[in-house]
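To start, the structure itself, in structure tokens.
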Amino acid sequence: MSRSRRWTTVTIRILLVDDHNVVRQGLRSLLELQPDLQVVAAAGSGTEALKLIDAVRPDIVLLDLKLADINGAEVCRLAVAEHPELPVIILTAFSDDQEVLDCIDAGAKGYVLKDVDVFELTRTIRAIHRGESVLDPKVTRAVMQRARRNADVAEPQIVLTEQETSIIRLMATGLTNKEIGQRLFLSPNTIKFHISKIMRKLQVKRRAEVVFKASNYHLI
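Everything in the sequence shown is counted per the numbering used here, starting at 12 for the first residue and increasing by one.
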């Protein structure tokens with residue numbers, strides 16, 4: 012293998028969706044400082060975003076929740092219905108717990124508050140591009156508290172191992188598979204295997220649902 016091929020960086024192609032032009036420009040400038048991130052298009056509305064997804068086929072959509080024409084959760088639902096493998100990250104100034112659940116139900120892979128720093132945002136983008144799901148820990152805490160207060164469903168007979176419980180708790184802090192593995196001295200692939208087992212036990216289809224379902228059932 013040649014040296015040039017060995018050091019080739021995979022470029023993550025991003026579609027930005029926000030109805031504020033200043034926000035779009037600022038995000039583009041910050042993201043494109045990273046050598047592996049490229050903003051291939053930007054949209055100011057949900058309608059425009061859905062058209063651009065078909066036109067440019069981005070690797071990831073960074074989507075504002077509050078849009079003038081279509082709610083971000085609905086844009087996410089429509090986009091994922093048409094492109095099931097498309098990762099969508101919700102970026103918003105709000106942490107309303109019902110909206111978080113709506114976005115997860117719509118298929119979002121990540122939910123990040125706009126006060127996040129550049130390091131955390133780019134870390135989230137890369138993790139989700141690897142197939143993970145990442146939620147802002149502040150958002151996760153709020154929704155977990157609500158789930159515990161409002162849980163009125165019969166708790167199923169689900170038994171988690173001590174290691175599985177530790178993994179879910181670390182997921183709730185917003186850590187990636189690699190970071191969880193470093194904490195538990197396990198490889199990212201081993202963490203991925205355990206999370207797949209946890210998802211089967213909890214009967215959820217998306218990684219992002221794990222923490223909320225476990226909290227709802229008082230398993231963590």
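Glycine included, C-beta positions come from ideal geometry on N, C-alpha and C.
Rounded C-alpha distance that separates residue i from residue j
i	j	result
residue 132	residue 83	18 Å
residue 192	residue 181	10 Å
residue 34	residue 179	33 Å
residue 73	residue 28	6 Å
residue 116	residue 219	9 Å
residue 143	residue 46	21 Å
residue 90	residue 184	27 Å
residue 93	residue 126	30 Å
residue 77	residue 103	7 Å
residue 227	residue 88	23 Å
residue 113	residue 137	23 Å
residue 207	residue 197	15 Å
residue 41	residue 61	24 Å
residue 97	residue 39	20 Å
residue 199	residue 134	15 Å
Residue i, DSSP secondary structure in three states
i	result
residue 22	coil
residue 179	helix
residue 145	strand
residue 78	coil
residue 63	helix
residue 43	coil
residue 206	helix
residue 191	helix
residue 171	coil
residue 184	coil
residue 226	helix
Contact with chain B by residue i, beta-carbon distance below 7 Å
i	result
residue 35	Absence of chain B from the displayed structure is noted, only one protein chain being present.
Residues sharing a beta bridge with residue i, DSSP
i	result
residue 100	73 and 121
residue 53	27
residue 48	23
Whether residue i touches residue j by CB criterion (7 Å)
i	j	result
residue 121	residue 145	yes
residue 188	residue 209	no
residue 50	residue 43	yes
residue 57	residue 86	yes
residue 123	residue 147	yes
residue 231	residue 172	no
residue 48	residue 54	no
residue 69	residue 25	yes
residue 222	residue 151	yes
Supposed close pair residue i, residue j - CB separation, criterion 8 Å
i	j	result
residue 75	residue 30	7 Å
residue 71	residue 140	6 Å
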